[in-house]
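Undergrad: Below: one structure in structure tokens.
Numbering (this note's numbering), first residue to last: 38 to 466.
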């Protein structure tokens, strides 16, 4: 077989595998509501799908083009506000516009504001761009409390999605119908953003990220590349904001504030910067932790911060990077050799974390800011932070667990090195 024919076969194989991935993703979106059919499950999955779009749009800036933004929620929030106003205007005018197309209004709003703000912020890169994005985010956040006619102040702007045109019997009152609408847009946006990464423009974005001086030397205008990527990221963030408006039927000043910008940064970094699957993993994980931890503890944000610090310090490639790192071992079918060392390290890490978490919960209960007294429940066990026994338990879990965990790390390292070397030798044969 000729080299050209072999290349064609490989491309066809990759194309078939990619199509299979999207088919599996569509099937998962379709089946999951029947597995997690409760109201909480549907709401959580709807929020996960929205955050996937939001995190992937942020990854277009940070992971693909190397632009660290502290104000990406501006385009998310403004897109949502424009959709709310559009829904109210369409309802008041009795226009025959279906709800399913309104996320495009958010996308157009995000694109327009991306053009406006991007023309200023993308003139500089690196730290200067990050500071400009922070300033623009604070500017819009402050304006949300001043321009009450548009933003509604602290109360926000409400709407009613069921008053729009009903198509094929869908009024989007039940959460299941809303979920499928969000899932459809999530799948479309994921496919579009992935396709962008495979284009020549996506490759030039990577070049600007890795070496802007060399990209400029070979004739590319790095400011134009950053500007286009910025505008496209704003477009998809606006779609995510529009879906948020449809899902919750309300938008307020918090949606354009610093908190959503910080959350999307956490999602992207923890999932894996630069890896397309990374923001998807991060969005699903962080959304799940937000929902679950907020019901379990009042200091859930502290745990998210600790997770972020640990990932950035010890796994800068994120969860997706850790998975990709094990690809050679997986292909060599040697992953089982790492399981004992990993299981031991995980068990000791969980013991250490349990002790540290118990100490944090008790410290919070003893602090002046806690209004619930010193009695609390940890892992469904009633405890009192004012007594000595829980503190002794926390120390007995955290200190020996940490010491043992540190001693196990060289064992994990040796197991990894030996397994990877064997996998490489097998590939060489």
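Glycine residues also receive a C-beta, built at the ideal position from the N, C-alpha and C atoms.
State the start and end residues of the unbroken alpha helix (DSSP H) segment that holds residue 240.
TA: Here the alpha helix (DSSP H) through residue 240 covers 237 to 247.
Undergrad: Residue range of the beta strand (DSSP E) that residue 414 falls in?
TA: Per DSSP, residue 414 belongs to the beta strand (DSSP E) from 412 to 415.
Undergrad: Check this for me: beta carbons of residue 177 and residue 121, under 8 Å apart or not?
TA: Their beta carbons are not under 8 Å apart, which means residue 177 does not touch residue 121 by this criterion.
Undergrad: Tell me which same chain residues have a C-beta within less than 7 Å of the C-beta of residue 363, skipping the five on either side of it?
TA: Closer than 7 Å at Cβ, skipping near neighbours: 372.
Undergrad: Check for me: the beta strand (DSSP E) holding residue 419 runs from which residue to which?
TA: From DSSP, the beta strand (DSSP E) with residue 419 extends over 418 to 421.
Undergrad: Pull up the distance between the alpha-carbon of residue 389 and that of residue 89, whole angstroms please.
TA: Taking the straight line joining both Cα atoms gives about 31 Å.
Undergrad: On the DSSP bridge assignment, give the partners of residue 399 in chain order.
TA: Per DSSP, none; premise fails for residue 399.
Undergrad: With residue 186 as the anchor, note down where its alpha helix (DSSP H) starts and where it stops.
TA: Note, residue 186: alpha helix (DSSP H), 185 to 188.
Undergrad: Examine the Cβ distances between the region 279 to 286 and the region 322 to 331 and report whether three or more of them are shorter than 8 Å.
TA: Flag = no, the region 279 to 286 and the region 322 to 331 do not touch.
Undergrad: If I'm right that residue 263 touches residue 174 with Cβ under 8 Å, what's the distance once you round it to whole angstroms?
TA: Their Cβ separation, rounded to whole angstroms, is 17 Å, which puts residue 263 and residue 174 out of contact at 8 Å.
Undergrad: Excluding the five sequence neighbours on either side, which residues of its own chain have a C-beta within less than 7 Å of the C-beta of residue 415, listed in chain order?
TA: Cβ within range, chain order: 395, 398.
Undergrad: Measure the CB-CB distance between residue 125 and residue 193 and report whether it falls below 8 Å.
TA: The answer is no: Cβ separation not under 8 Å.
Undergrad: Measuring only the C-alpha atoms, how far is residue 419 from residue 106?
TA: So the two alpha carbons sit approximately 43 Å from each other.
Undergrad: Count the CB pairs spanning the region 153 to 168 and the region 78 to 88 that are closer than 8 Å, and state whether there are at least three.
TA: As far as the Cβ criterion goes, the region 153 to 168 does not touch the region 78 to 88, which means the pair count is below three.
Undergrad: Give the DSSP-derived three-state secondary structure of residue 168 in the structure shown.
TA: Residue 168: helix per DSSP, three-state reduction.
Undergrad: Once you ignore the five residues that flank residue 452 on each side, which residues in its own chain have a CB closer than 6 Å to its CB?
TA: Hits under 6 Å: 375, 378.
Undergrad: Given this structure, state the Cα-to-Cα distance separating residue 315 from residue 93, to the nearest angstrom.
TA: Cα to Cα, the separation comes out at about 9 Å.
Undergrad: Could you check how far apart the C-beta atoms of residue 385 and residue 438 are, in whole angstroms? I think they sit under 8 Å.
TA: At roughly 6 Å, the Cβ-Cβ gap stays under 8 Å, so residue 385 and residue 438 are in contact.
Undergrad: From which residue to which residue does the alpha helix (DSSP H) around residue 467 run?
TA: Residue coverage of the chain in this structure runs from 38 to 466, which leaves residue 467 outside it and unanswerable.
Undergrad: Less than 8 Å between C-beta atoms, sequence neighbours within five positions excluded: which residues of the same chain meet that for residue 43?
TA: With a pLDDT of only 46 at residue 43, under the threshold of 50, the placement of this residue in the model should not be trusted; the figure read from the coordinates follows. So the list is empty, once near-sequence residues are dropped.
Undergrad: Report buried or exposed for residue 298, applying the criterion of at least 16 other Cβ atoms within 10 angstroms of its Cβ.
TA: Result: buried.
Undergrad: Going by the CB atoms, is the gap between residue 113 and residue 275 shorter than 8 Å?
TA: Cβ atoms of residue 275 and residue 113: closer than 8 Å.
Undergrad: Have a look at the DSSP bridge pairing and note the partners of residue 427.
TA: In DSSP, residue 427 forms no bridge with anything.
Undergrad: On the three-pair Cβ rule with 8 Å, is the region 188 to 207 touching the region 62 to 77?
TA: Touching, no, given that fewer than three Cβ pairs across the two stretches are closer than 8 Å.
Undergrad: Under the three-state reduction of DSSP, which class applies to residue 134: helix, strand or coil?
TA: Residue state, collapsed to three classes: coil.
Undergrad: How many angstroms separate the CA atom of residue 429 from the CA atom of residue 73?
TA: Cα to Cα, residue 429 sits roughly 40 Å from residue 73.
Undergrad: I need the straight-line Cα distance from residue 306 to residue 337, nearest angstrom please.
TA: Taking the straight line from one Cα to the other gives about 18 Å.
Undergrad: Can you tell me whether DSSP reads residue 40 as helix, strand or coil?
TA: Here residue 40 scores only 45 on pLDDT, less than 50, and its place in the model is too uncertain to base an answer on.
Undergrad: To which residues does DSSP link residue 202 through a beta bridge?
TA: 135, per the DSSP bridge assignment.
Undergrad: Decide if residue 56 is buried, meaning its Cβ has at least 16 other Cβ atoms within 10 Å, or exposed.
TA: With fewer than 16 other Cβ atoms within 10 Å, it is exposed.
Undergrad: Ordered along the chain, which non-local residues of its own chain (more than five positions away) have a Cβ less than 6 Å from that of residue 147?
TA: Here the set comprises 112, 116, 271, 272, 274, 275.
Undergrad: By how many angstroms is the C-alpha of residue 101 removed from the C-alpha of residue 246?
TA: Their Cα atoms are separated by approximately 7 Å.
Undergrad: Grab me the residues of residue 171's own chain with a C-beta within less than 8 Å of its C-beta, minus the 5 sequence neighbours each way, in chain order.
TA: These residues qualify, in order along the chain: 107, 108.
Undergrad: With a 10 Å radius around its C-beta and 16 neighbouring C-beta atoms as the bar for buried, classify residue 252 as buried or exposed.
TA: Result: buried.
Undergrad: Please give me, in chain order, every unbroken run of the alpha helix (DSSP H) with length at least 4 that falls completely inside the region 51 to 122.
TA: Runs of the alpha helix (DSSP H) inside the region 51 to 122: 76 to 102.
Undergrad: Could you spell out the range, first to last residue, of the alpha helix (DSSP H) harbouring residue 404?
TA: Taken as a continuous stretch (DSSP letters only), residue 404 belongs to no alpha helix (DSSP H), as it is neither H nor E.
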